[in-house]
Every structure is written in structure tokens, then in C-alpha cells.
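Start counting the sequence shown at 581; every next residue gets the next number (the working numbering). Below is one structure; the comments refer to it alone.
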Amino acid sequence: MITPREEEILKIIVNEYTSSAQPVSSKRIMELMGNTVSSATIRNECAFLENQNYLEKEHTSSGRVPSSKGYRYYVDNLMGNDAFDTSIFDSIEALFDNRSYSIDQIIEKSSNIISEMTNSLAIVSTREDVDHLKIRKIEMIPLTNKTASVIFILNNGDAINKVYCLDEQHMNDLPIAVKLFNDNLTDMYVEDIPRSLSGIEGELKTMVKNYEDLFRQFLSAVVEQTKAKSQTYGISNMLVNPEFTDISRLKNVMKIITSVSPFDWFDYNYQGSQKNISITTKIGFEINPDIDGVDDLAIIGAEFNTNGSQKNAITLIGPKRMRYDEANILLQFLIDKINGLTK
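This is how it looks when you write it as C-alpha cells:
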């Protein structure tokens, strides 16, 4: 445990470093504490916090900066909205009041506002909620003697259309495969289909000559439906941060975006705050310890629903020196407004 005075010093260092991107000196801390504590006492307290891994010293003669552990303690215990300008809510409120905007347009424009306010990259992701998604029927429509359209009709009203181009001999196998899939996959949850397809592979092999290719294409058509679709906003806002003048750090951000679904970022086990139930904050290696370079980064995100069969997520990515308080407040406000709109 750290004392109230040590908490105050840690909070000052986090807030000051977030604003300036410069290590915070004992003299500066003393000024921000109203000169009520001596410089020697502040140095001793900082040395203790550094020894406990809440602070780091970049150079021997420099001031301190927060560590990942220090940021985590700040987010879980010290973060507030003391200096937050609530007038920014008016800009988001205006979007919801504009009846010409769809919910998707509101989310897009709100994400741009939040990205600009927090100097972070915003990612809005959507995927089907596979917990409720089933295949109702599979139909085949011949197009030519070598092409046919196979349509997967889902219980949410969507249809997946897959066009097959096969030689005439293999085209004769397609109706057999469709019937087999219809007999075994109708009213089955999409998430269970890969396992079920594996179960009928033997039967498919005996009835269909080019079963491997058809099996692979059927499986990919269904699995593709469950993949997240993402749109990024505000990369120029993120580049304002001095951390991203280092091209290797920017590459790390791009690596995270392209290699991991935002929905997966929220699934890794970590010890975090329970104060903001719908908001997840991950710092450094909490994002994913298996990806190089993430210790310099932080993400803040939330999942929300806009209709019964879709899951959505909005995620902010920025440097570890992030405006955690503003980002949490703005995301929470946006999620509350969306929930109110979709009830």
C-alpha cells in the first residue's frame, strides 16, 4: 500500500507527464503541491515509489515518469474528472439530436471527436453475434454449366452468397454437397459449424469427388461471417504524440491493428479496474504479452450493441502516456447515449 501523500505525488506525476511528455522533477512536484512539502521529502517519496516500481527514471539526472504499474494504479484508484471540460458533451449530444444521422454515422462522427480530444487512434469494429447466429437454409442456384451460387440464409435475415466456379464434372457434385450440408447444418449455431463439418468430412469424401475444395470453401464462407470488420479514425490525431515520431512505435500500432481483432483485446486475463464496468483499460503488456512493442502503448475500449445480432466495439489506441480520465469519461458518455438510443 502507498500512503495518501504518495498517491498525491503519483497522480501529479501522471497528470504532468501526460500534459508535457517530459520527466517530472521534484521541484515541479513541490510547486504543484503548493510548496507545502519539502523537496527532500518529495525526493524520498519518489525514491520509494520508484523502488516499488510505480515510477521510472529515464536518465540519472532527469525527473520521474510513471511505469506501467504506476499507470495501472492511477487508473484503478486515482483517476477522476477534476479538470474535464464537459462542454465537449454538447458536440456529441448534437449528433444524437440530428435525426438525419443513422446510428452508424453518429458512432463514426463521435469517434472522430473523441480521437481528436484524446490524441488517440479510434477503431470502430462490428461483427455478428455468433452466440445467436444460425443457418436456416442453404440453397443452390445454377448460373451456367460451370458456375453456381450457393446461398446461406441466416436466422437474422442475412444471406451469405458464395459463387462456385467448377468444371462440369465437379459441378455435378455440388448439389450433393449442398444437400449433405442442409441435412447436417440447418438450425445449427454458426460457431458450432466448423466442428460439425469436420464430423461429416468422411461422409462427404465418399459421396463427392473434389470434397476437399468444397469443404474448404463452405467452411470459409461461414467463418468469414464471424470476422470483425473495422474502421479506423484519427490516425493524424495519434501522430501528434511525440512518441510516434519513432517509426518503430508506429509500426507496433499497425501490427496490433492488423494481427488482433479488437474483440480479442478484451478477452485476455488481467487485473484491472472494476469501477467502469463497460470500459476496459489495458496498459502495456496487458494488451497482449505475446506481441512485441506493446509495452509503449495503451488501449481503452468498450463493447456495445446496436441491434440484436451484432456486437460492436470502439477502441482508442495511444501511447502509454494517455489521457485515461478523458478517454474513459468520453467513451462512457458515448456508450450511455447509444444504449439509450437502442433500448
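The beta-carbon is built from N, C-alpha and C at its ideal position, and this holds for glycine as well.
Enclosing alpha helix (DSSP H) for G881 [first to last residue]: From DSSP, G881 is part of no alpha helix (DSSP H) but of the beta strand (DSSP E) over L877 to F884.
Distance between beta carbons of S705 and K809, contact taken as under 8 angstroms: 7 angstroms
Environment of V874 [buried if 16+ CB atoms lie within 10 Å]: buried
Same chain, Cβ closer than 8 angstroms to F865, five either side skipped, listed in chain order: S648, V874 and D875
M613, DSSP secondary structure in three states: coil
Limits of the unbroken alpha helix (DSSP H) element including M720: Careful: M720 lies outside any alpha helix (DSSP H), inside the beta strand (DSSP E) at K714 to P722.
Cα-Cα separation between L760 and Y813, rounded to whole angstroms: 44 angstroms
Own chain, CB closer than 6 angstroms to K855, minus 5 neighbours either side, in chain order: Only weak support exists for where K855 lies, its pLDDT of 41 falling under 50; the value from the coordinates is given anyway. Nothing meets the Cβ criterion.
Coarse secondary structure for K855, derived from DSSP in three states: Because the pLDDT at K855 is just 41, under 50, the model does not fix this residue reliably, and the point stays unresolved.
With 16 other Cβ atoms within 10 Å as the buried cut-off, status of I918: buried
Residues that DSSP places opposite C745 in a beta bridge: T727
Distance between beta carbons of N821 and L877, contact taken as under 8 angstroms: Between N821 and L877 the Cβ distance is about 11 angstroms, and since that is not below 8 angstroms, they are no contact.
Whole runs of the beta strand (DSSP E) within the stretch 610-669, excluding any shorter than 3 residues: 635-637 and 644-646
Buried or exposed by the 16-neighbour rule on C-beta atoms within 10 Å, applied to I879: buried
Where S705 falls: helix, strand or coil (DSSP): strand
Start and end residues, alpha helix (DSSP H) containing Y597: P584 to S600
Straight-line Cα distance separating N892 from I718: 27 angstroms
Same chain only: Cβ atoms within 8 angstroms of S618, ignoring 5 sequence neighbours per side: M610
Distance between beta carbons of L658 and K742, contact taken as under 8 angstroms: Incorrect: roughly 53 angstroms between the Cβ atoms, too far for contact.
Limits of the unbroken alpha helix (DSSP H) element including K900: Careful: K900 lies outside any alpha helix (DSSP H) and carries neither H nor E.
Presumed contact (8 angstroms Cβ cut-off) between E586 and E625, rounded CB distance: 5 angstroms
Inter-residue spacing [alpha-carbon to alpha-carbon] between T861 and I915: 15 angstroms
Residues near N849 in its chain [Cβ-Cβ closer than 6 angstroms; skip 5 each side]: Because the pLDDT of N849 is 36, which lies under 50, any placement of that residue in the model is unreliable, and the question is left without a value.
Length of the line joining the Cα atoms of L777 and A801: 13 angstroms
Beta strand (DSSP E) segment containing K809, residue limits: K809 to Y813
Bounding residues of the beta strand (DSSP E) (the contiguous stretch that carries I756): Element bounds for I756: not the beta strand (DSSP E) but the alpha helix (DSSP H), L754 to L765.
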